[in-house]
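Below is one structure, written out as C-alpha cells; comments come after it.
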Amino acid sequence: MKVAVFPGSFDPLTLGHLDLIKRGSALFDQLAVAVMTNVNKEPLFTVDERVAQIKEAVAGLDNVTVITTSGLTVDLMNRIGADYLMRGLRNTTDFQYERDIAAMNNFLDDQCETVFFLAKPEYQHLSSTILKEVTSSGGDISAYLPANINEALKKRLAEKKMLQVKEHNEEAR
Ligand code: ADP
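All letters in the sequence shown, in the order written, are residues 92 to 264 by my numbering.
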C-alpha cells in the first residue's frame with residue numbers, strides 16, 4: 092500500500108494546495124495532509140483552525156486524512172507508515188529550497204522518497220502569503236480559495252484590524 096504525507100503550513104490552504112491534494116489522492120492509496128507548525132512563520136490561523144478548514148475542503152476525498160504534527164517529517168512518516176513525502180513546485184525558488192529539504196530528509200531516513208508535483212499553470216503564482224496580502228488590501232481572491240477559507244480569511248483579517256477598506260485615492264490638490 093502506498094502511503095504518502097503532504098506536510099505544509101497551509102496558512103491558509105489555497106486552491107493550489109487543494110489541486111495537489113486531489114492529484115496525490117489519485118496517485119497514492121492513502122494521503123495524510125499534515126499541518127506543521129513552522130517556527131519561522133507567525134500563523135494567522137491556529138493549527139486546529141487550519142485542520143478544520145482543510146477537513147471541510149477535502150470532504151469527499153475518502154483516502155485523505157488531515158493530521159497535525161510538530162518535529163521531523165521523517166518521524167511522522169515512520170509513525171504512520173508513510174514511504175512518500177509529497178511537495179509542490181511552483182518555480183525555481185521552490186525547486187532549490189525543496190531539493191535541499193528532500194536531500195536532508197533522505198539523509199535523516201534513506202527510506203524517505205520525496206515526490207514532487209508541478210503546480211498547475213493557473214496556480215503557479217499563488218502563495219498563502221500573497222493571498223493574505225491581497226485580501227488585507229481589499230482585493231477579491233475568492234477564485235483562489237475554497238469558499239469556507241475565503242470567508243474565514245476575511246473574518247480573521249477584520250478581527251485583527253488588518254482588513255483595509257477600499258479607498259478612492261485622490262490626487263493631492
Ligand atoms: P511550507 O511552509 O511547508 O512551505 P506551504 O503551505 O507554504 O508550507 O506549502 C506547502 C507545499 O505546497 C510546498 O511544497 C509548496 O511548494 C506547495 N505549494 C504552495 N502553494 C502551491 C501552489 N499554488 N501550487 C502548488 N504547490 C503549492
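Backbone N, C-alpha and C fix where the C-beta goes; we use that ideal spot for every residue, glycine too.
Here the structure is a predicted model, which means the values were calculated and not measured.
Same chain, Cβ closer than 7 Å to residue i, neighbours up to 5 away in sequence not counted
i, result
"ALA173", "VAL94, ALA95, VAL96, ALA123"
"LEU118", "none"
"LEU248", "THR226, SER227, LEU254"
Whole-angstrom distance between residue j and residue i, CA atom to CA atom
i, j, result
"LEU135", "SER100", "11 Å"
"ALA150", "ASN169", "26 Å"
"GLN215", "ILE171", "30 Å"
"SER219", "ASP110", "14 Å"
"THR92", "GLY115", "Inspection of the sequence shows that residue 92 is occupied by Met rather than by Thr. So the alpha carbons of these two residues sit roughly 14 Å apart."
"ALA238", "THR156", "20 Å"
"ALA194", "GLY230", "38 Å"
"ASP201", "LYS246", "43 Å"
"ASP185", "LEU209", "10 Å"
Residue nearest to residue i in terms of C-alpha spacing, selected from the options
i, options, result
"GLU250", "SER227, LEU106, ASP231", "SER227"
"ILE131", "ASP102, GLU140, GLU224, ASP153", "At residue 131 the sequence reads Asn, which differs from the Ile that was named. For ASN131, the nearest C-alpha among the options comes from ASP102."
"ASN154", "THR105, LYS113, TYR235", "LYS113"
"PHE207", "ALA148, MET177, LEU104", "MET177"
"ASP120", "LYS146, PRO98, LEU152, LEU104", "LEU152"
"VAL142", "ILE240, LYS246, LYS252", "ILE240"
"PRO98", "GLN144, ASN197, THR159, LYS246", "THR159"
"GLU213", "ARG181, GLU204, ALA243", "ARG181"
Sequence-distant residues of the same chain with beta carbon closer than 8 Å to residue i, five excluded per side
i, result
"ARG190", "none"
With 16 other Cβ atoms within 10 Å as the buried cut-off, status of residue i
i, result
"GLY107", "buried"
"ASN196", "buried"
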